[in-house]
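Colleague: In my numbering, the protein residues as written are 195 to 268.
C-beta: ideal position from N, C-alpha, C; glycine also.
From a predicted model like this one, the values you see are computed outputs, not experimental measurements.
I have a structure here, written as structure tokens, and I will follow up with some questions on it.
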Ligand code: FES
């Protein structure tokens with residue numbers, strides 16, 4: 195799902211950044227430019243980022259993050 199229309203950032207892009215160690219939302223904005231134009235996506239982007247951070251901290255979430263990295267490396 196596209197979260198940020200202005201910069202074509204998806205929920206998956208945000209989840210990958212979160213699971214890769216992006217420390218906070220400001221860093222996410224620097225990396226992906228999400229919520230840096232009109233700002234309409236900010237609340238949704240923050241929610242997806244926080245949810246992804248929680249998921250990546252759980253054992254199941256770490257497994258998903260590893261699987262995503264393996265897929266990206268292939
Ligand atoms: S929709 Fe994300 S900055 Fe406009």
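Inspect the beta-carbon positions of residue 239 and residue 248 and report whether they are closer than 8 Å.
Modeller: No.
Colleague: Return the CA-CA distance between residue 183 and residue 223, expressed in angstroms with no decimal places.
Modeller: Absent from the model: residue 183. The displayed extent of the chain is 195 to 268, so no value can be given.
Colleague: How many angstroms separate the CA atom of residue 196 from the CA atom of residue 233?
Modeller: So the two alpha carbons sit approximately 14 Å from each other.
Colleague: Can you pull the DSSP bridge partners for residue 208?
Modeller: Partner(s): none; residue 208 has no beta bridge.
Colleague: Give every residue of the same chain whose Cβ lies closer than 7 Å to the Cβ of residue 198, excluding the five residues on either side of it in the sequence, and list them in chain order.
Modeller: Closer than 7 Å at the Cβ level, and outside the excluded window around residue 198, lie 228, 229, 235 and 239.
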